[in-house]
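Trainee: One structure, pasted below without further comment.
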Amino acid sequence: MNQKSCLLRILWNLSIAGLSVSLFSCSKSPEMTLEEINAYRANNRNSLVENTVSRPWKDDGWVDGVVGGTWQATASGDPKSFNLLIAERDGSTSAILNDLYDYLVDYNVVKKEWVPNIASFEIKTDVARGTLDLYYTLRDDLYWSYYKNSSPRVKVTSDDVIFWYDEIQGDETMGSSAYNGQFMELDDGSVERITINRVDDRTFYFHFPRIVAEPLLHTNMNFGPRFLYKAAKDAGGAQGVKDLFIVETDPRTIPSMGPFFIVEYTPGQRIVYERNHDYWKKDSSGNGTPYYEREIARIVDNSNTQYLLFQQGNAETYTPSPEQLSSVVMDADNAFDSEGNYIAKKKGYTVFNAKGNMGAPFWTFNQNPKNKDKPYYNWFVCKEFRQAMSCLLNRDRIIAQTYRGLAEPKYNFFPEANAYYNPDIALEYRFDHARAKELLAKSGFKKESDGFLYDSAGNKVEFDLTITSSSTIYNDIAQIVADECKQEGITVNVRQVEFQKIVEQMTATYDWQSLFMGFGGSTIFPSQGSNVWLSSGNLHLWYPLQQKPATDWEARVDKLYSEASCMVEHEKAAPLWNEYQKILLEQCPIIYLVRGRSFFAIQNRWNLSNVYYDNINGAEIRNIFTLE
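For the sequence shown, my numbering assigns the number 79 to the initial residue and increments by one for each residue that follows.
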């Protein structure tokens with residue numbers, strides 16, 4: 079799919095950009111000392127990095143391109159619907175629909191400032207009342223357009239945004255993940271809603287009942303066409319909305335306000351897009367962007383098949399899996415010289431690298447009281463047990479065996495790019511078997527003569543670790559975790575499960591035990607992820623959608639989040655965000671693993687002048703264009 083830079087959403091992303099290699103083969107080889115192994119890894123680490131391109135985005139402007147070409151991509155799975163509401167809870171659907179919509183504003187990570195996208199904005203603060211109004215004005219050249227003008231285009235207006243905010247996201251029966259984010263806790267403990275108000279066809283404003291630090295982050299959104307979704311809701315309520323644009327719908331009948339139309343969908347095979355010539359974005363020469371006219375996304379859920387397509391030239395980009403990295407890097411013909419100057423090449427491909435992902439995969443444990451009759455529930459709600467599991471997480475071994483040394487432990491809560499990152503606030507419970515023993519003993523666990531660990535009620539400590547079946551690196555890490563736990567008498571059963579089934583377990587059935595997961599996206603702002611960290615959030619994984627905080631520490635996290643999010647002055651907010659980080663690192667509801675260096679390959683048949691890659695933006699290819 080067309081890869082967009084979007085720092086303002088939390089998306090599911092189970093691909094870990096990491097590296098692994100086996101130093102052993104079926105043939106016999108001389109034994110190596112630990113020093114020799116470390117030297118070997120260091121040399122290979124350096125050669126891999128040196129044979130790739132480092133090109134972070136610096137906001138230096140774009141080279142004007144030429145219109146034309148067909149972009150070949152891959153999609154990880156079929157859409158569940160063509161409905162924007164359904165896409166909120168399904169990563170495959172969201173990725174497929176992205177190019178039909180656009181966001182109000184964007185954030186420039188280089189300048190560290192918000193910039194207009196389809197709307198300009200103005201913030202008006204009433205200090206005396208302690209309230210804030212955020213005004214948006216839509217561009218005047220936005221349309222809901224139809225493929226080949228099969229129906230008249232419809233102007234995008236403020237009514238579209240207001241309807242989506244009030245009647246889709248703001249209607250609890252819709253089940254939107256944005257619902258809880260519309261409410262704010264006030265100083266007196268009461269809760270009020272952030273309201274939206276119409277000014278005219280293009281202008282509307284959000285009224286905040288209290289001043290907040292990042293009102294644009296709270297309100298940035300994409301939205302669907304009111305004239306279609308309202309008719310569906312009027313006819314059938316919430317179910318009528320959800321039944322709109324099901325997968326059997328002819329995608330050519332779905333209007334677009336984004337850069338592309340979906341013109342073909344063949345289940346299990348491919349999705350085809352064609353350019354929307356009504357799309358507003360233009361370069362300095364007046365040419366519409368993105369530049370390519372057509373996109374074909376093959377539906378492929380297997381990384382080996384995706385790699386084969388890339389090798390055959392039938393996919394434009396590829397993110398190497400650990401076992402593929404060496405061959406991908408060594409076979410590259412990079413289109414940049416040692417000084418970073420672009421050299422046009424029609425054959426081969428270029429590999430970019432970026433140090434230190436913003437996010438990291440994590441290990442988490444199910445604390446949902448729905449499972450309170452299961453022995454593992456009593457273990458998982460015990461803070462000392464979770465801390466002990468953190469002490470059995472051998473990050474150095476994970477880095478050495480699965481990342482080839484090209485990774486680093488994740489001990490901090492916020493990433494360095496976050497304004498409230500504090501290097502002095504770090505995880506205390508690091509790899510230490512002796513510390514794990516102490517914590518377990520303190521909680522009544524005892525290792526018996528049979529070598530197994532038992533709780534105070536006599537239950538043998540055995541639980542599942544669920545991982546997505548599509549990730550070999552998750553499996554490698556899980557086996558390391560299981561081995562370290564086994565040394566303390568704990569049996570960890572690694573279960574490989576299809577990703578959509580995991581999503582169902584997390585959001586509907588709640589019948590998982592422990593799992594590896596990763597949230598993609600860049601948490602530039604501390605208040606990102608309210609649906610994860612607040613106890614009422616639908617992605618508060620260990621126990622979502624709490625009516626009131628289940629624990630004192632979760633109540634405190636909620637309070638700190640609410641207060642700090644409303645403080646504009648950094649020096650006043652910092653102590654609150656510091657405490658917030660300390661609590662989450664102390665309680666270990668989520669235990670971060672490691673951050674790997676990431677790599678990204680792209681075919682040279684495209685002009686790569688506008689291609690950048692870094693750990694905040696990811697792959698910046700929105701302005702790529704053909705060499706032909």
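Quick reminder that beta carbons are idealized off the backbone N, C-alpha and C, glycines included.
Which of the three DSSP states, helix, strand or coil, is assigned to Trp655?
Mentor: DSSP places Trp655 in helix when its eight states are reduced to three.
Trainee: What do you get for Ser362, buried or exposed, if any count of 16 or more other CB atoms within 10 angstroms of its CB means buried?
Mentor: Exposed: under 16 other Cβ atoms inside 10 Å.
Trainee: Does Asn716 come out as helix, strand or coil in the three-state DSSP assignment?
Mentor: The structure shown has nothing for residue 716, since the chain only spans 79 to 706.
Trainee: What is the DSSP secondary structure of Ala535, reduced to helix, strand or coil?
Mentor: DSSP places Ala535 in coil when its eight states are reduced to three.
Trainee: What's the C-alpha gap between Gly267 and Asp636?
Mentor: When rounded, the distance between both Cα atoms is 12 Å.
Trainee: My understanding is that Arg473 touches Pro487, with C-beta atoms under 8 Å, so please give their C-beta distance in whole angstroms.
Mentor: Right, the Cβ-Cβ distance comes to about 4 Å (below 8 Å), so this counts as a contact.
Trainee: On the three-state DSSP scale, how would you describe Thr152?
Mentor: Residue state, collapsed to three classes: strand.
Trainee: For Ala153 and Ile377, I'd like the C-alpha separation in whole angstroms.
Mentor: Computed Cα separation, rounded: 5 Å.
Trainee: Just mark Pro501 as buried or exposed, buried being the case when its beta carbon has 16 or more other beta carbons within 10 Å.
Mentor: It is exposed - the Cβ of Pro501 has fewer than 16 other Cβ atoms within 10 Å.
Trainee: Is Arg167 buried or exposed, if buried means 16 or more other CB atoms sit within 10 Å of its CB?
Mentor: Label assigned to Arg167: buried.
Trainee: Can you list, in chain order, the residues of its chain whose CB lies under 7 Å from that of Arg288, leaving out five sequence neighbours each side?
Mentor: Counting only Cβ-Cβ distances below 7 Å, and skipping sequence neighbours, we find Gly208, Thr209, Met262, Leu264 and Cys644.
Trainee: Give me the DSSP bridge partner(s) of Pro194.
Mentor: For Pro194, which the question treats as bridged, DSSP gives the partners Val183.
Trainee: Counting only the same chain and skipping the five closest in sequence on each side, list residues whose C-beta sits under 8 Å from that of Leu112.
Mentor: Residue confidence is low: Leu112 scores 46 on pLDDT, short of 50, so the model does not pin down where it sits. No coordinate-derived value is stated.
Trainee: In three-state DSSP terms, what is Glu462?
Mentor: Note: Glu462 maps to helix in three-state DSSP.
Trainee: What residues in its chain sit with their C-beta under 6 Å from that of Thr569, if we drop five residues either side in the sequence?
Mentor: The answer, listed in chain order, is Glu540.
Trainee: Return the first residue and the last residue of the alpha helix (DSSP H) that Pro487 is part of.
Mentor: Not the alpha helix (DSSP H): Pro487 falls in the beta strand (DSSP E), residues Ala485 to Pro487.
Trainee: Whole angstroms are fine: how far does the CA of Arg482 sit from the CA of Ala466?
Mentor: Distance between the alpha carbons of Ala466 and Arg482: 26 Å.
Trainee: In terms of residue numbering, what span does the beta strand (DSSP E) encompassing Gln681 cover?
Mentor: Here the beta strand (DSSP E) through Gln681 covers Ser676 to Gln681.
Trainee: Should Glu109 go down as buried or exposed, given a rule of 16 or more other Cβ atoms within 10 Å for buried?
Mentor: For Glu109, the predicted structure reports a pLDDT of 49, less than 50, and the residue's modelled location is therefore unreliable. A value from the coordinates is still provided. Exposed is the call here.
Trainee: Cutting at 6 Å between CB atoms, please list the residues of its own chain near Asn571, excluding the five before and the five after it.
Mentor: Within the same chain, Asn571 has close Cβ partners Asp542.
Trainee: Flag this pair as touching only if the region 664-684 and the region 426-446 have three or more C-beta atom pairs under 8 Å; answer yes or no.
Mentor: The region 664-684 vs the region 426-446: in contact.
Trainee: Going by beta-carbon coordinates alone, are Ala642 and Tyr658 separated by less than 9 Å?
Mentor: In contact: Ala642 and Tyr658 (Cβ atoms closer than 9 Å).
Trainee: Given this structure, state the Cα-to-Cα distance separating Arg231 from Thr273, to the nearest angstrom.
Mentor: Taking the straight line joining both Cα atoms gives about 29 Å.
Trainee: DSSP state of Met408, grouped into three classes?
Mentor: Note: Met408 maps to helix in three-state DSSP.
Trainee: To the nearest angstrom, report how far apart Trp631 and Glu566 are at their CA atoms.
Mentor: Cα to Cα, the separation comes out at about 28 Å.
Trainee: Less than 9 Å between the C-beta atoms of Val407 and Tyr385, yes or no?
Mentor: It is not a contact, given that the beta carbons lie outside the stated cut-off.
Trainee: Taking the alpha-carbon positions, what's the Leu612 to Val239 distance?
Mentor: So the two alpha carbons sit approximately 26 Å from each other.
Trainee: Looking at the unbroken alpha helix (DSSP H) that takes in Ser548, where does it start and where does it end?
Mentor: Run containing Ser548: none; DSSP gives neither H nor E here.
Trainee: Are Gly366 and Val145 closer than 9 Å when you measure CB to CB?
Mentor: Yes, they are a contact pair.
Trainee: Could you check where the beta strand (DSSP E) with Asn609 kicks off and where it finishes?
Mentor: Note, Asn609: premise wrong, no beta strand (DSSP E); alpha helix (DSSP H) at Ser608 to Trp611.
Trainee: How should His618 be labelled, buried or exposed, when 16 other C-beta atoms within 10 angstroms of its C-beta is the threshold for buried?
Mentor: Flag for His618 reads buried.
Trainee: Name the DSSP beta bridge partners of Arg475, please?
Mentor: DSSP, once it has assigned bridges, lists no residue as partnering Arg475.
Trainee: Rounded to whole angstroms, what is the Cα-Cα separation between Leu654 and Ala291?
Mentor: For Leu654 and Ala291, the distance between alpha carbons rounds to 13 Å.
Trainee: Quick test of your reading: Leu175 and Leu162, contact by CB under 8 Å. State the CB separation rounded to the nearest angstrom.
Mentor: Yes, Leu175 and Leu162 are in contact; Cβ-Cβ is about 6 Å, under 8 Å.
Trainee: On the criterion of 16 or more Cβ atoms from any shown chain inside 10 Å, does Lys311 qualify as buried, or is it exposed?
Mentor: When all chains shown are included, Lys311 counts as buried.
Trainee: Along the chain, where does the beta strand (DSSP E) that runs through Ser592 open and close?
Mentor: Ser592 to Met595 is the span of the beta strand (DSSP E), which, as asked, contains Ser592.
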